[in-house]
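Comments concern the structure below.
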Amino acid sequence: MAESAVLVAGAGPVGLTAAVELRRRGVDCRVIDRLAAPVPYAKAVGIQPRTLELWESAGVLARALDAARPMYGQLVFVDGEHVATIELTLPPEVPYGFMALPQYETERLLEQRYGELGGRVERGVELVSFSQDADGVTAVLRGPGGESQVRLGYLVGADGAHSTVRKGLGLAFAGGAFPEQYMLGDVEVDWNQPAGYGIRSSHRTDGNTDDLLVAIPLPGRRRYRMSMLVPDELSAAGDGVEHGFSTGPAPELHHIQAVLDRLAPEPTRASHLRWASVFRISHRIVDSYGSGRVFVAGDAAHIHPPTGAQGMNTGIQDAAALAWRLALAVQDDAADGLLGSYDAERRPVGEEVVGRTVRHARAGFEDDDTATVLLREAQLLVAYPDSPVVGEGGGAEVLKGGPAPGERAPDCRGLRRAGVAFPVRLYEALDGRGHTLLLYADHAEQVAGLATAAQSARERARGHLDVRIVLAGGAVIADDTADGLLAGPPVPVLRDAGGEFATTYGAAGGCCYLVRPDGHIGFRAGRVDADELGAHLALVFT
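Position in the sequence shown counted from 1, then plus 22, gives you my numbering.
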């Protein structure tokens with residue numbers, strides 16, 4: 023018998039996300055990390071809008087916004103000249119913007135949430151080896167008390183670029199390395215550049231960049247995480263470092279100051295060096311995100327240049343995508359093939375991110391439409407159109423402009439709910455732990471038929487389905503909770519008072535959208551047919 027339902031190896035942002043997502047679904051989860059204490063470094067710092075959406079559902083958002091700094095844009099300098107200003111402006115329907123938050127703060131907030139859910143990170147405990155069979159995973163751990171053997175239901179490897187889990191699975195990790203080496207420094211400066219804007223300053227010779235400074239603002243007064251090419255004296259060549267931070271000599275303040283003297287947009291002095299390191303960049307991706315009962319996520323599955331702050335955020339989405347599937351599997355409610363769909367969905371995303379960040383690191387951003395670039399970098403365009411567990415029912419051709427199966431379910435505002443004096447957002451009405459079926463009616467006579475289909479779907483989803491009726495603003499029903507229409511809990515009714523849901527979702531009377539726990543559309547139909555909906559749910563639930 024398994025001692026823990028799931029063991030997560032690694033207590034970085036990815037592992038802690040998996041743990042939070044599992045615990046809030048009632049799954050017993052154990053988290054270990056080989057380090058005795060969290061690392062107090064501002065490694066990954068960019069928080070994408072899509073991550074903030076996931077954090078809203080997970081109960082982390084408010085504290086993250088309190089701790090983070092808004093990112094408004096980037097100022098670009100070439101050979102001392104200001105050549106561009108990039109504004110990070112998203113469409114008004116996107117609820118959150120770009121933020122900067124040191125990784126140690128991200129880890130603190132996620133660990134705090136994990137603790138609130140009853141979890142505790144076991145530090146100084148390392149995964150040595152593991153084996154698996156049809157019924158579970160046997161792992162050997164090494165901690166302060168020596169080695170021990172534990173029995174688990176599932177194992178998640180969020181243990182970084184040198185992952186023990188990946189190596190234990192024998193996964194290929196194909197790719198290469200950049201020849202350049204960089205140094206990072208967390209410093210304060212006394213310049214007068216606009217608050218909330220990053221700085222990218224480069225020097226070019228014969229059209230090639232031969233000197234570079236990238237400064238990302240951090241919470242605090244004129245505090246930045248700076249990245250620059252490493253001087254020869256700090257080169258980590260020969261120390262075996264492929265990806266990540268060197269164990270060799272760390273940059274000192276004068277190394278950073280020398281780069282600022284050459285490339286800063288105005289004369290400035292650096293001070294208060296909190297941390298610095300040399301690092302190298304590789305680009306690699308696994309040939310599979312898991313096998314049997316063992317899975318990898320984050321840097322254990324994909325590594326790439328930090329261009330656009332894609333790495334940690336992609337790993338957080340990995341963890342969210344895996345956790346809801348694992349929760350159903352632990353509860354014996356997952357259909358055959360559901361766990362396999364994690365690789366089918368997330369590996370193409372990882373491949374695209376690796377390829378794109380490598381291109382951007384070498385040649386800059388493509389000359390695409392600016393709005394599309396920002397949405398893509400915000401990770402709002404991630405979609406799973408070819409997933410084996412998304413689908414479409416009859417009449418979907420009427421849903422013009424609405425999100426397609428596999429796409430992110432967009433938020434919308436202006437919904438009214440009985441007993442609430444002010445408008446609410448759609449995201450506020452989604453529980454986020456299970457699936458949510460959105461049924462749209464533009465006149466009262468449709469509601470009873472929708473409720474009948476919803477009752478069948480509830481039963482087929484084995485209790486993991488919430489139902490919301492979205493009613494066109496002018497339609498009238500007798501009871502705004504639809505009480506008595508379904509057996510079990512009343513069905514909340516959201517009134518589309520401003521018509522934003524109908525516009526955003528291309529909704530027509532009698533249609534439905536099934537929103538998955540990770541916020542993507544699992545199924546849609548222009549007319550609700552209980553058999554079609556049930557057939558789709560059979561792909562997810564046993």
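Note that the Cβ used here is the ideal one computed from N, Cα and C, for glycine as well.
PRO201 is classed as exposed because its beta carbon has fewer than 16 other beta carbons within 10 Å across all chains shown. ARG135 counts as buried, since at least 16 other C-beta atoms from the protein chains shown sit within 10 angstroms of its C-beta.
A Cβ-Cβ contact shorter than 7 Å links ALA298 with GLY207. In this structure, ALA66 lies away from MET250, with their beta-carbon atoms at least 7 Å apart. Residues of the same chain with a CB within less than 7 Å of the CB of PRO92, apart from the 5 flanking positions on each side, are GLY119, MET121 and GLY218 in chain order. When only Cα atoms are considered, ASP391 and LEU76 end up about 26 Å apart. About 6 Å separates the Cβ atoms of LEU459 and CYS534, confirming a contact at the 8 Å cut-off. Of the residues TYR246, ASP232 and THR231, the one whose Cα lies closest to the Cα of ILE238 is TYR246. VAL300 places its beta carbon 7 Å or farther from that of TYR311. In the structure shown, the three-state DSSP call for GLN125 is helix. Of the residues assessed, THR39 falls on the buried side of the cut-off, its CB having 16 or more other CB atoms within 10 angstroms. In terms of Cβ geometry, PHE563 and ALA272 do not form a close pair [threshold 7 Å].
For PHE195, the closest alpha carbon among the candidates TYR204, GLN203 and SER185 is that of SER185. Its chain contains no residue whose beta carbon lies nearer than 7 Å to that of GLU374 once the 5 sequence neighbours on both sides are disregarded. Of the other Cβ atoms in all chains shown, 16 or more fall within 10 Å of the Cβ of GLN468; this residue is therefore buried. Within 10 angstroms of the beta-carbon of GLN171 lie fewer than 16 other beta-carbons, which makes it exposed. Counting the other Cβ atoms within 10 Å of the Cβ of GLY532 gives 16 or more, which makes it buried. Cβ atoms of THR379 and THR329 come within 8 Å of each other, at about 5 Å.
Taken in chain order, the complete beta strand (DSSP E) segments of 3 or more residues contained in the stretch 390-451 are 437-439. By the neighbour-count criterion, in which a residue is buried when 16 or more other Cβ atoms sit within 10 angstroms of its Cβ, GLY168 is exposed. Here DSSP, grouped into helix, strand and coil, assigns THR564 to coil. DSSP, read as helix, strand or coil, puts ASP254 in helix. DSSP assignment within the stretch 505-560 yields the following whole alpha helix (DSSP H) runs of 4 residues or more, N-terminal first: 522-527 and 552-559. Shown here, TYR136 sits in a helix according to DSSP, grouped into three states. Within the DSSP secondary-structure output, ASN214 pairs in no beta bridge. Buried is the label assigned to HIS277, since at least 16 other Cβ atoms lie within 10 Å of its Cβ.
DSSP links PRO239 through a beta bridge to TYR246. Close CB contacts of ALA497 within its chain, under the 7 Å cut and outside five residues either way in sequence, are with ALA463, ASP464, HIS465 and ALA466 (chain order). Under the DSSP assignment, GLU75 falls in the alpha helix (DSSP H) whose first and last residues are 71-80.
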